[in-house]
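*Asks:* Using our numbering, the final residue of the sequence shown is 211, and nothing's skipped along the way.
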Amino acid sequence: MSGAAILCLVAGAGLVVQNALMGAMATRGAGLTGALLCNSLVGLSLLGLVEAWRSGPGFPLRLVERAEPWFLVPGLLGTLFVAACLYGYRQQGATVTVTMVVAGQLAAGIAADAAGLTGRPGGTAAPLGWQTWCGAALLVAGAVLVLRGRGAA
């Protein structure tokens, strides 16, 4: 297993812990928006400190000079992702939420690879062999089983 695969596995496990803690924050009076804001402020502060150390204190001006309107989209999608996960955890628990998030990510990932949109060298599409389709089918079957087992399907 590659270092990138291990990092992604750890990040996936961290997502469960993150949402459990943010759920606890929300129920202790911070609310959904307060928990999301705290999450974003901590991440933004950490990234700001790292970039200031790496590139110097002038990096915000350099970023603003290069900014384009579509640069806002990833932040909006990231906030949607974290909000949807937090809401999902509170409404249906971690298992169903993670299952649906992974199913959505896999479907979008297959489409993005097939279209060559994932940053591969030269913008080439990734080959989608039978293993990819079998894996996707197994994931769908697993999602159906999880949802039925939780009474959600």
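Glycine included, C-beta positions come from ideal geometry on N, C-alpha and C.
Would you call the region 185-197 and the region 99-114 touching, i.e. three or more CB-CB distances under 8 Å?
*Replies:* With a cut-off of 8 Å, the region 99-114 and the region 185-197 do not count as touching, because too few Cβ pairs lie within range.
*Asks:* Helix, strand or coil for arginine 208, going by three-state DSSP, please let me know.
*Replies:* Reduced to three states, the DSSP call for arginine 208 is coil.
*Asks:* Report yes or no: do three or more beta-carbon pairs, one from the region 65-72 and one from the region 134-153, lie closer than 8 Å?
*Replies:* No, the region 65-72 is not in contact with the region 134-153.
*Asks:* Could you check whether leucine 164 and leucine 197 sit closer than 8 Å to each other, using their CB atoms as the reference points?
*Replies:* The answer is yes: Cβ separation under 8 Å.
*Asks:* Where does alanine 244 sit, in a helix, a strand or coil, going by DSSP?
*Replies:* It is not possible to answer for residue 244, since the shown part of the chain is limited to 59 through 211.
*Asks:* Look up leucine 175 in the DSSP assignment and say whether it is helix, strand or coil.
*Replies:* Three-state result, leucine 175: coil.
*Asks:* Roughly how many angstroms separate the alpha carbons of alanine 201 and methionine 83, rounded to a whole number?
*Replies:* Cα-Cα distance, rounded: 28 Å.
*Asks:* If distances are taken between C-alpha atoms only, which option among Tyr145, Gly61 and Gly151 comes closest to leucine 94?
*Replies:* The option with the nearest alpha carbon to leucine 94 is Tyr145.
*Asks:* Note down the Cα distance separating alanine 170 from glycine 87, rounded to an integer number of angstroms.
*Replies:* Alanine 170 and glycine 87: Cα-Cα distance of roughly 39 Å.
*Asks:* Expressed to the nearest angstrom, what Euclidean distance is found between the alpha-carbon atoms of alanine 152 and serine 98?
*Replies:* Taking the straight line joining both Cα atoms gives about 21 Å.
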